[in-house]
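One structure is given below, encoded as C-alpha cells.
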Amino acid sequence: MDFTNPYELLVATVLSAQCTDERVNKVTPALFKKYGTPQKMAKAPIEDIEELIRSTGFFKNKAKSLKTAAIDLVEKYEGEIPQELGPLVELPGVGRKTANVVLGNAFGIASGIVVDTHVTRLSNRLGWVRGENAVVIERELNPQVPQEDWVMFSHYLISHGRAVCKARKPACSHCFLEETCPKIGV
DNA sequence: CTCCCGATAT
DNA sequence: ATATCAGGAG
C-alpha cells in the first residue's frame with residue numbers, strides 16, 4: 001500500500017475494502033494530491049471524491065465515509081489520527097481491521113494481528129483456526145505470535161495468500177508448507 | 001444476514 | 001458467467 005503519512009494510510013485502507021491494493025494504488029496519487037489532509041477532504045465535494053475513487057468499488061459508501069471521517073478528525077482530533085483502537089473504530093468506514101492496519105503500520109503500535117480475507121483463508125487452511133469471524137480469529141492468533149512480530153506476521157500471510165495460497169487456485173506444489181499443511185477447505 | 005460495486009482472473 | 005479482492009454498516 002502506497003502512503004507517506006498516517007492519514008494517507010487510513011484513507012488507502014478504507015478504500016481497500018473488497019478491492020486489490022494494486023487498484024487502490026492507482027487512485028490514491030490523484031486523490032492525495034487534491035485531498036491529502038483531513039482538512040481538505042472534509043471540504044471536498046462528495047461527487048468529486050466519488051469520481052476519484054470510483055474504480056475501487058463501493059465508491060458511494062467509501063466517499064461518504066472518507067468525507068465524514070475527515071470532518072470527525074478535524075472537529076474531534078484537530079486533524080490528527082488517533083493512536084488508539086477505540087477512537088479509530090468510531091470513525092465511519094473504519095472497522096477493527098483498518099484500525100489495526102493504521103496502528104501497526106503508521107505508528108508501530110501492536111494493537112492486534114490484522115485479520116483480512118487472506119489471513120482468514122490461510123489460518124483456516126493451515127488448521128490454526130476454524131471459522132470466518134475475524135474477531136475470533138484475531139483473539140486466537142494474537143497469543144500464538146510474539147507481539148513484536150504481529151505486523152510482519154500479517155504481512156507474510158497476506159503476501160503468501162496473494163502469491164501462492166490464493167483463494168481460487170492455490171499453488172500448493174510451489175508452497176514451502178506443502179508437507180505440513182492439512183489443506184482444510186482447499 | 002444483506003447491501004454496497006468496479007476491475008480482474010478463471 | 002462467476003469468484004474474488006488488505007471490509008464495513010445497517
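The first sequence lines up with residues 1 to 186 when you count with UniProt numbering. Just so it is clear, CB atoms sit at the ideal spot from N, CA and C, and this is done for glycine as well.
Quick check on the DSSP output: what are the complete alpha helix (DSSP H) runs of length 4 or more inside the UniProt domain "HhH-GPD" (15 to 163), in order along the chain?
As far as the UniProt domain "HhH-GPD" (15 to 163) is concerned, its whole alpha helix (DSSP H) runs of at least 4 residues are 21 to 35, 38 to 43, 46 to 53, 59 to 77, 85 to 90, 96 to 106, 117 to 125, 134 to 141, 150 to 163.
What separation, rounded to the nearest whole angstrom, lies between the Cα atoms of Lys62 and Glu50?
The residue you call residue 62 lines up with position 62 of the first sequence. The residue you call residue 50 lines up with position 50 of the first sequence. Using only the alpha carbons, I get a separation of about 8 Å.
Per DSSP, what kind of secondary structure is Val186 in: helix, strand or coil?
Position 186 of the first sequence holds residue 186. Val186: coil per DSSP, three-state reduction.
Suppose the cutoff is 7 Å on Cβ atoms and the five residues either side in sequence are ignored; what does the same chain contact list for Phe153 look like?
What you label residue 153 is simply residue 153 of the first sequence in a count that begins at 1. Counting only Cβ-Cβ distances below 7 Å, and skipping sequence neighbours, we find Ile113, Val145.
Give me the residue from Arg121, Glu78, Val135 with the minimum Cα distance to Lys97.
Translated into positions along the first sequence, residue 97 becomes position 97. Comparing Cα-Cα distances from Lys97 to each of Arg121, Glu78, Val135, the minimum goes to Val135.
Under the three-state reduction of DSSP, which class applies to His179: helix, strand or coil?
Taking the first residue of the first sequence as 1, we reach residue 179 at position 179. Checking the displayed sequence, the identity of residue 179 turns out to be Glu instead of His. Coil at Glu179, not helix or strand.
Report all residues from its chain with a CB closer than 8 Å to the CB of Gly95; omit the five preceding and five following residues, and keep chain order.
As a first step, residue 95 is located in the first sequence; it is residue number 95 there, counting from the start. These residues qualify, in order along the chain: Val89.
If you draw a straight line from the alpha carbon of Ser173 to that of Ile46, how long is it in whole angstroms?
Translated into positions along the first sequence, residue 173 becomes position 173. Translated into positions along the first sequence, residue 46 becomes position 46. Going by C-alpha positions, Ser173 is about 47 Å away from Ile46.
Quick check on Cys172: does DSSP put it in helix, strand or coil?
Indexing the first sequence from 1 puts residue 172 at position 172. The answer is helix: DSSP assigns Cys172 an H, G or I state.
With distances taken between CB atoms, is the gap from Ile137 to Val115 smaller than 8 Å?
Walking along the first sequence from the start, residue 137 turns up at place 137. Walking along the first sequence from the start, residue 115 turns up at place 115. Contact: yes.
How do the segment 66 to 75 and the segment 31 to 45 stand: do at least 3 beta-carbon pairs fall below 8 Å, yes or no?
yes
Cβ of Asn124 within 8 Å of Cβ of Gly185?
Taking the first sequence and counting its residues from 1, one reaches residue 124 at position 124. Taking the first sequence and counting its residues from 1, one reaches residue 185 at position 185. In this structure, Gly185 lies closer than 8 Å to Asn124 by Cβ.
Roughly how far, in whole angstroms, is the beta-carbon of Gly36 from the beta-carbon of Glu8, given that I think they are within contact range, below 8 Å?
The residue you call residue 36 lines up with position 36 of the first sequence. The residue you call residue 8 lines up with position 8 of the first sequence. Correct: roughly 7 Å between the Cβ atoms.
Kindly indicate which residue of Ala106, Cys175, Lys183 has the alpha-carbon position closest to the one of Val129.
By one-based count along the first sequence, residue 129 stands at place 129. Minimum Cα distance to Val129 is reached at Lys183.
Suppose you measure from the CA of Phe58 to the CA of Lys64; what does that come to, to the nearest Å?
By one-based count along the first sequence, residue 58 stands at place 58. By one-based count along the first sequence, residue 64 stands at place 64. The C-alpha of Lys64 is placed about 10 Å away from the C-alpha of Phe58.
Alpha carbon to alpha carbon, what distance is there between Lys166 and Arg121?
The residue you call residue 121 lines up with position 121 of the first sequence. The residue you call residue 166 lines up with position 166 of the first sequence. Whole-angstrom Cα-Cα distance: 9 Å.
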